[in-house]
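To start, the structure under review is shown below, and the notes come after it.
There are 2 protein chains.
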Amino acid sequence: MSHSSPTIAIDCMGGDHGLPVTVPAAMAFAQAHPDTRCLLVGDEALIRQALQQNAAPAGQFEILHASEVVTMHDSVEVALRRKKDSSMRVTAQAVKDGRADAAVSAGNTGAWMAISRYVLKTLDGIDRPAIATALPNQKGGATTVLDLGANVDCTAEHLLQFGLMGAALVSAVDRRAQPSVGLLNIGEELIKGNEVVKQAADLLRGSGLNFYGNVEGDDIFKGTVDVVVCDGFVGNVVLKSVEGLARMIGAMMREEFHRNAFTMTAGLAASPVLRRFRARVDNRRYNGAALLGLRGIVIKSHGSADAYAYGQALQRAREAVLNGLLEGTIQRLDALRGRAAGAAAPTA
Amino acid sequence: MSHSSPTIAIDCMGGDHGLPVTVPAAMAFAQAHPDTRCLLVGDEALIRQALQQNAAPAGQFEILHASEVVTMHDSVEVALRRKKDSSMRVTAQAVKDGRADAAVSAGNTGAWMAISRYVLKTLDGIDRPAIATALPNQKGGATTVLDLGANVDCTAEHLLQFGLMGAALVSAVDRRAQPSVGLLNIGEELIKGNEVVKQAADLLRGSGLNFYGNVEGDDIFKGTVDVVVCDGFVGNVVLKSVEGLARMIGAMMREEFHRNAFTMTAGLAASPVLRRFRARVDNRRYNGAALLGLRGIVIKSHGSADAYAYGQALQRAREAVLNGLLEGTIQRLDALRGRAAGAAAPTA
Numbered sequence: 001m002s003h004s005s006p007t008i009a010i011d012c013m014g015g016d017h018g019l020p021v022t023v024p025a026a027m028a029f030a031q032a033h034p035d036t037r038c039l040l041v042g043d044e045a046l047i048r049q050a051l052q053q054n055a056a057p058a059g060q061f062e063i064l065h066a067s068e069v070v071t072m073h074d075s076v077e078v079a080l081r082r083k084k085d086s087s088m089r090v091t092a093q094a095v096k097d098g099r100a101d102a103a104v105s106a107g108n109t110g111a112w113m114a115i116s117r118y119v120l121k122t123l124d125g126i127d128r129p130a131i132a133t134a135l136p137n138q139k140g141g142a143t144t145v146l147d148l149g150a151n152v153d154c155t156a157e158h159l160l161q162f163g164l165m166g167a168a169l170v171s172a173v174d175r176r177a178q179p180s181v182g183l184l185n186i187g188e189e190l191i192k193g194n195e196v197v198k199q200a201a202d203l204l205r206g207s208g209l210n211f212y213g214n215v216e217g218d219d220i221f222k223g224t225v226d227v228v229v230c231d232g233f234v235g236n237v238v239l240k241s242v243e244g245l246a247r248m249i250g251a252m253m254r255e256e257f258h259r260n261a262f263t264m265t266a267g268l269a270a271s272p273v274l275r276r277f278r279a280r281v282d283n284r285r286y287n288g289a290a291l292l293g294l295r296g297i298v299i300k301s302h303g304s305a306d307a308y309a310y311g312q313a314l315q316r317a318r319e320a321v322l323n324g325l326l327e328g329t330i331q332r333l334d335a336l337r338g339r340a341a342g343a344a345a346p347t348a
Numbered sequence: 001m002s003h004s005s006p007t008i009a010i011d012c013m014g015g016d017h018g019l020p021v022t023v024p025a026a027m028a029f030a031q032a033h034p035d036t037r038c039l040l041v042g043d044e045a046l047i048r049q050a051l052q053q054n055a056a057p058a059g060q061f062e063i064l065h066a067s068e069v070v071t072m073h074d075s076v077e078v079a080l081r082r083k084k085d086s087s088m089r090v091t092a093q094a095v096k097d098g099r100a101d102a103a104v105s106a107g108n109t110g111a112w113m114a115i116s117r118y119v120l121k122t123l124d125g126i127d128r129p130a131i132a133t134a135l136p137n138q139k140g141g142a143t144t145v146l147d148l149g150a151n152v153d154c155t156a157e158h159l160l161q162f163g164l165m166g167a168a169l170v171s172a173v174d175r176r177a178q179p180s181v182g183l184l185n186i187g188e189e190l191i192k193g194n195e196v197v198k199q200a201a202d203l204l205r206g207s208g209l210n211f212y213g214n215v216e217g218d219d220i221f222k223g224t225v226d227v228v229v230c231d232g233f234v235g236n237v238v239l240k241s242v243e244g245l246a247r248m249i250g251a252m253m254r255e256e257f258h259r260n261a262f263t264m265t266a267g268l269a270a271s272p273v274l275r276r277f278r279a280r281v282d283n284r285r286y287n288g289a290a291l292l293g294l295r296g297i298v299i300k301s302h303g304s305a306d307a308y309a310y311g312q313a314l315q316r317a318r319e320a321v322l323n324g325l326l327e328g329t330i331q332r333l334d335a336l337r338g339r340a341a342g343a344a345a346p347t348a
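Line order of the protein sequences matches chains L and B. Residue numbers for the first sequence follow full-length UniProt numbering, so the first one is 1 and each next one is one higher. Residue numbers for the second sequence follow full-length UniProt numbering, so the first one is 1 and each next one is one higher.
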């Protein structure tokens, strides 16, 4: 195991599709990155079969057997207490044991968060792990938003930690030295924000992060800042809402172009343009949410990911390893503690 | 003044555009509804000038002079305490005095809420007014969402009241007898909801409303329920986020079709289809948020509304008057109090 030739542990059984998506995605990923190894976790016989079907190059793959699978419907309790040999658990354990540098699963979010937190533990200075994802913005880049649902009732301290973890993630994955951080709030024209958000703004202002100030919902898509911080309730509702709107728009556009022979001809004429447009708003490109604040790199793929999208999640895991996400997060936490100690010490 | 021939008080000075939008919109509206009168509020000379430019039929219009204007940048304090003869204030006062059945303004939301609350007061049984708007959904209808930012820290009781007010609004404007009400929450796979939301679900379940249960962000656009209830922080962030995404998608599509001569020709070929598509997702159709819980019907138009969109806000005001929004809300509040009293009484 070394950062220059990373090993990614892959829960091959998780997600809506399991092996038919995870194994081909891992193979394409390994082919694109000859320096990278894949630790395929799950039912050994089934994984071996899937590998043979796809004629895998042997060198970059290793299989780690796990006898159980956490389903999309298993409660956190079942996943954590009853299925101790689940592919999810063995995937997280591989990182804990130093056999892999990062863990990826497309399984049930709550279970994946609970298991990786239980196995890996949180970093010193982090009270609660958070879930972060990137959303495409109008500037042609992406805005990283967190928390997306791991934490419902947050204190100002938690929001500060989210800001720090988000900045570390963007530094590592997008290689930006001082990513800008915005705090999600509501407009000036109304009663401004709640108490927790006001306190969090004060903490972020004194944190040494590149804090932009308050941002509003539309700033996510304007690309006003690199990182948008909010509590998990708000983040989850926003993510689901924008996914819902995007699906509705897509469905309505398809309906309009499939209305009759004339509209279908028009659709054919416009199809190269529509294809380019779809590629730009294709959220599969941004698949791979990061579970941050843990003593290990953990990525959650969308449950419904296809092989292309799953490959993007693997790619994010690799980038996070190569660019030292963990080390970066720890450095930022140390710097924050240093500032706090400095502020507490009497100034001579 | 009578419900069969309603009078709408219109703040002609408010919004990004003021008179050039509000007066032509009022004239088109009056022409479409010969039973309806418009009380045009603002600078009398300027309104008279705008009316003449547009050759208005005299019978349906009356002008009410107001010497001041609340700008988009005025604080609530300035709007409320210093500009006592603002067009906004005089518009709300017209409803209070029984000269009009509903008040419409495109001015600054915070000021409009504060002024209409100060002038009209809240209904018995309503602690806080709320802002509600309709968003288009995949079923071809609209989902009403509230609160959108009037209330940042809400109790379960407040959320219950929002549910009741939202149901009354949908009953009046969309003429549905028992609109379904959903409570915005986050997914089952994660730690479920916060304490306030859990308590609110219990209250809604026992309220006599047609309570569906929890819904998620994407249910707004699926059209799972008629009314989605959330606190004002969440509602405001969701609204701004989906507006931001819609703008980004629109901008990207325009960019793709304007890339070169070939894509522009494709755009021309597809333009009838794209026009139909745009009409379906056109949020101007749903312009006109309702400020609910007040002793009078108050509508807020989007600040940037054009004459078409502003006309929709006037139309919503008219529907709310004709279908007895106020009476409906009061009846529902009485019924809720009746249930509470019944529940408190010993069962023989």
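Note that beta-carbon positions come from the ideal geometry of N, C-alpha and C, so glycine has one too.
Assuming residue i is part of the alpha helix (DSSP H), what are its boundary residues?
| i | result |
| --- | --- |
| L/I10 | Per DSSP, L/I10 belongs to no alpha helix (DSSP H); it is in the beta strand (DSSP E), 7–11. |
| B/Y310 | 307–322 |
| B/V119 | 109–120 |
| L/R247 | 232–257 |
Kindly indicate if chain B contains any beta-carbon less than 8 Å away from that of residue i.
| i | result |
| --- | --- |
| L/K84 | no |
| L/A156 | no |
| L/V229 | no |
| L/S2 | Annotation note: pLDDT 45 at L/S2 (below 50); position unreliable, no value reported. |
| L/M13 | no |
| L/Q138 | yes |
| L/A246 | yes |
| residue 361 of chain L | The first residue shown for chain L is 1 and the last is 348, placing residue 361 of chain L beyond what the model contains. |
| L/K300 | no |
| L/D306 | no |
According to the neighbour-count rule (16 or more other Cβ atoms, all chains shown, within 10 Å of its Cβ), is residue i buried or exposed?
| i | result |
| --- | --- |
| B/R316 | buried |
| B/N54 | exposed |
| L/E216 | buried |
| B/Q138 | buried |
| L/N214 | buried |
| B/Y286 | buried |
| L/D43 | buried |
| L/A340 | exposed |
| B/S207 | buried |
| B/S4 | exposed |
| B/S67 | exposed |
| B/G250 | exposed |
Hey, does residue i have any beta-carbon neighbour from chain L nearer than 8 Å?
| i | result |
| --- | --- |
| B/E256 | yes |
| B/A172 | no |
| B/V70 | no |
| residue 351 of chain B | Any property of residue 351 of chain B remains undetermined from this structure, which presents chain B solely from 1 to 348. |
| B/A130 | no |
| B/I10 | no |
| B/G18 | no |
| B/L183 | no |
| B/T263 | yes |
Can you give the beta carbon distance from residue i to residue j, rounded, assuming they're within the 8 Å contact cut?
| i | j | result |
| --- | --- | --- |
| B/L325 | B/A168 | 6 Å |
| L/L292 | L/L146 | 7 Å |
| L/C12 | L/S87 | 7 Å |
| B/I220 | B/T155 | With 8 Å as the limit, B/I220 and B/T155 do not qualify as a contact, their Cβ atoms being about 23 Å apart. |
| B/S241 | L/S241 | 6 Å |
| L/W170 | L/V227 | Here residue 170 of chain L is Val; the residue named in the question, Trp, does not match the sequence. So it is a contact: roughly 6 Å between Cβ atoms. |
| L/A92 | L/A114 | Not a contact, Cβ separation roughly 10 Å. |
| B/L64 | B/V90 | 6 Å |
I'd like the span of the beta strand (DSSP E) that includes residue i, first residue to last.
| i | result |
| --- | --- |
| L/S105 | 102–105 |
| L/G182 | 180–184 |
| L/I131 | 130–136 |
| B/R298 | The question names Arg, but residue 298 of chain B is Val in the sequence shown. From DSSP, the beta strand (DSSP E) with B/V298 extends over 297–300. |
| L/R275 | Here L/R275 belongs to no beta strand (DSSP E); instead the alpha helix (DSSP H) covers 261–281. |
| L/I47 | Run containing L/I47: none in the beta strand (DSSP E); it sits in the alpha helix (DSSP H), 44–53. |
Is the number of C-beta pairs between the segment 164–179 of chain L and the segment 326–341 of chain L that are closer than 8 Å three or more? Using a Cβ-Cβ distance cut-off of 8 Å, the segment 164–179 of chain L and the segment 326–341 of chain L are in contact, since at least three pairs of beta carbons, one from each stretch, lie closer than that value.
How do the segment 120–129 of chain L and the segment 295–307 of chain L stand: do at least 3 beta-carbon pairs fall below 8 Å, yes or no? Yes, they touch.
Does the contact criterion of 3 or more C-beta pairs under 8 Å hold for the segment 261–269 of chain B versus the segment 228–241 of chain L? Contact between the segment 261–269 of chain B and the segment 228–241 of chain L is absent, because fewer than three Cβ pairs lie under 8 Å.
At a cut of 8 Å, does the segment 241–256 of chain L reach the segment 268–278 of chain B through at least three beta carbon pairs? Yes, the segment 241–256 of chain L is in contact with the segment 268–278 of chain B.
Using a Cβ distance threshold of 8 Å, determine whether the segment 300–318 of chain B contacts the segment 17–35 of chain B, with at least three qualifying pairs required. Verdict: yes, contact present.
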